[in-house]
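Participant: Just so you know, the sequences run in chain order A and B. Using this note's numbering, you'd call the opening residue of the first sequence number 18 and step up by one each time. Using this note's numbering, you'd call the opening residue of the second sequence number 18 and step up by one each time. Positions of the beta carbon are idealized from the N, C-alpha and C atoms, including for glycine. Mind having a look at this structure? Questions to follow.
2 protein chains.
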Amino acid sequence: MPGTRLDPIDRKILAELQADGRMTNVELAKRVGISAPPCLRRVRTLEEQGFIRGYHAEIDSRELGFEVQVFAMVGLQSQAESDLSAFEERCRSWPLVRECHMLNGEVDFILKCVAPDLSSFQSFLTGELLTTPNVASVKTSLVIRGAKDEPGVPFEVLEERLSKSA
Amino acid sequence: MPGTRLDPIDRKILAELQADGRMTNVELAKRVGISAPPCLRRVRTLEEQGFIRGYHAEIDSRELGFEVQVFAMVGLQSQAESDLSAFEERCRSWPLVRECHMLNGEVDFILKCVAPDLSSFQSFLTGELLTTPNVASVKTSLVIRGAKDEPGVPFEVLEERLSKSA
DNA sequence: CCCACAGGCGAAATATTATTGCGCGCACCT
DNA sequence: AGGTGCGCGCAATAATATTTCGCCTGTGGG
Numbered sequence: 018m019p020g021t022r023l024d025p026i027d028r029k030i031l032a033e034l035q036a037d038g039r040m041t042n043v044e045l046a047k048r049v050g051i052s053a054p055p056c057l058r059r060v061r062t063l064e065e066q067g068f069i070r071g072y073h074a075e076i077d078s079r080e081l082g083f084e085v086q087v088f089a090m091v092g093l094q095s096q097a098e099s100d101l102s103a104f105e106e107r108c109r110s111w112p113l114v115r116e117c118h119m120l121n122g123e124v125d126f127i128l129k130c131v132a133p134d135l136s137s138f139q140s141f142l143t144g145e146l147l148t149t150p151n152v153a154s155v156k157t158s159l160v161i162r163g164a165k166d167e168p169g170v171p172f173e174v175l176e177e178r179l180s181k182s183a
Numbered sequence: 018m019p020g021t022r023l024d025p026i027d028r029k030i031l032a033e034l035q036a037d038g039r040m041t042n043v044e045l046a047k048r049v050g051i052s053a054p055p056c057l058r059r060v061r062t063l064e065e066q067g068f069i070r071g072y073h074a075e076i077d078s079r080e081l082g083f084e085v086q087v088f089a090m091v092g093l094q095s096q097a098e099s100d101l102s103a104f105e106e107r108c109r110s111w112p113l114v115r116e117c118h119m120l121n122g123e124v125d126f127i128l129k130c131v132a133p134d135l136s137s138f139q140s141f142l143t144g145e146l147l148t149t150p151n152v153a154s155v156k157t158s159l160v161i162r163g164a165k166d167e168p169g170v171p172f173e174v175l176e177e178r179l180s181k182s183a
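Below, the structure is given as structure tokens:
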């Protein structure tokens, strides 16, 4: 239902839950300015309508022993739809691959990968990715350091945009 | 405190909360096989020690009106540390830029951006990113479609790894 | 071998929170 | 006006979170 529009309270709810997904409902209600029951009803509705896809704890991957993060640019030999989706399906089956996006331009896919160390990434690269049928080229870039990593969407931009169109 | 090792219950807690960050503590306790009070204590400890950095609702950006997602590869003129961190600071101030990673290789940074539509990304690109001092080159790739987007870390890999070293 | 002690657990009690049921007010027709 | 649908908040109830406390276990003296 794309006709469903969100009012300012809904957007505030989304913004608050994006920032702190474990906030209690009473706290959330206080922040958005309504009482707890309607607030909870709104949250449930937002979940059902798919605006909220889930809740996740953000884990420090380095603390957990995943020392390296790598972007891999992948080019395929064939861009036929069946070959594209076959490659995507492969990516979904690899735990080290956390993200896979199809791109325009020279490169067909970009993959974001994590691994405990360089050698385990190397073995994934040579043993899995490079041996996958239809993979023509892979260029990898190691992440030296992370400068920003914000989950989700910029609600600031959304609000700004809505105030203009009003 | 890198000496702090996690036992299997802690790892299970992290895995469960990564998968569902809003799970109640009693449900979590049931799943990891201990009672609620020690479970809650463990969660608090994991939060304090930084293994858990926060909790976030996962929002459907497309439903919210962010139609385009773009990766931007940025090259700088100077790679002096002060120039690198100046650029990183810029990235942190741009809401459209959700992630910024410094890379090895030819490209200095990769940026993941979202925008409501192509034209608003274009205006960000030409009006902000390209006019930033020290930016030498920017190559952008539009995301055609997303094939995988898993938050967090692959606990499967971690467990496998631990069972081997045991 | 026995004891003191630290750490982690679970049962029970208490404080908070989530959830349900209901009546009210408001906007929108007709 | 009168009717209707929607969303709110109050109040009651169910569930959960959090604190308190005593028990068990493993460890390191003495």
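Between A46/B and A36/B, is the Cβ-Cβ spacing less than 7 Å?
Facilitator: Result no, Cβ atoms of A46/B and A36/B do not sit closer than 7 Å.
Participant: For T148/A, which three-state DSSP category applies?
Facilitator: Reduced to three states, the DSSP call for T148/A is coil.
Participant: To test your reading of the DSSP string, which unbroken alpha helix (DSSP H) runs of 4 or more residues are found completely within the segment 36 to 123 of chain B?
Facilitator: Counting only runs of 4 or more, we get 42 to 49, 53 to 65 and 98 to 110.
Participant: With burial defined as no fewer than 16 other Cβ atoms inside 10 Å of the residue's Cβ, what is the status of V43/A: buried or exposed?
Facilitator: When all chains shown are included, V43/A counts as exposed.
Participant: Could you tell me the distance, in whole angstroms, from the CA atom of C117/A to the CA atom of F126/A?
Facilitator: About 7 Å.
Participant: Would you report the Cα separation of Q139/B and C108/A, rounded to the nearest angstrom?
Facilitator: If I take the Cα positions, the gap works out to 30 Å.
Participant: Between the C-alpha atoms of A153/A and S95/B, what's the straight-line distance to the nearest angstrom?
Facilitator: When rounded, the distance between both Cα atoms is 33 Å.
Participant: Which of the residues in the segment 155 to 168 of chain B, read from start to end, lie with their CB under 9 Å from any CB of chain A?
Facilitator: The residues in question are K156, T157, S158, L159, V160, I161, R162, G163, A164, K165, D166, E167 and P168.
Participant: So, helix, strand or coil for V155/A, using DSSP?
Facilitator: Note: V155/A maps to strand in three-state DSSP.
Participant: Starting from V174/A and walking both ways along the alpha helix (DSSP H), at which residues does that stretch end?
Facilitator: Per DSSP, V174/A belongs to the alpha helix (DSSP H) from F172 to S182.
Participant: CB G169/A to CB I76/B, shorter than 7 Å?
Facilitator: For G169/A and I76/B, yes; Cβs fall inside 7 Å.
Participant: Going by Cα to Cα distance, which pick from R28/A, M119/A and E80/A is closest to R59/A?
Facilitator: Considering only alpha carbons, the answer is R28/A.
Participant: Going by beta-carbon coordinates alone, are A89/B and V155/B separated by less than 7 Å?
Facilitator: Yes, they are a contact pair.
Participant: Alpha carbon to alpha carbon, how far is S78/B from Y72/A? Give it in angstroms, no decimals.
Facilitator: Near 14 Å, if we compare the C-alpha coordinates of S78/B and Y72/A.
Participant: Please classify D166/A: does DSSP put it in a helix, a strand, or coil?
Facilitator: In this structure, D166/A counts as strand in the three-state DSSP scheme.
Participant: Are the Cβ atoms of G67/A and S158/B separated by less than 7 Å?
Facilitator: Contact: no.
Participant: Can you find a CB in chain A that lies within less than 7 Å of the CB of E116/B?
Facilitator: Chain A contact via Cβ: present.
Participant: Between which two residues does the beta strand (DSSP E) harbouring L23/A extend?
Facilitator: Note, L23/A: premise wrong, no beta strand (DSSP E); not H, not E.
Participant: In terms of alpha-carbon separation, which member of F172/B, K181/B, S182/B and S180/B lies closest to E80/A?
Facilitator: Comparing Cα-Cα distances from E80/A to each of F172/B, K181/B, S182/B and S180/B, the minimum goes to F172/B.
Participant: Could you say which of M40/B, S182/B and P112/B lies nearest to E176/A if we only look at CA atoms?
Facilitator: Of M40/B, S182/B and P112/B, the residue nearest in Cα terms is P112/B.
Participant: Give a yes or no on whether the minimum CB-CB distance between P54/A and chain B is below 7 Å.
Facilitator: No, P54/A does not count as interfacial toward chain B.
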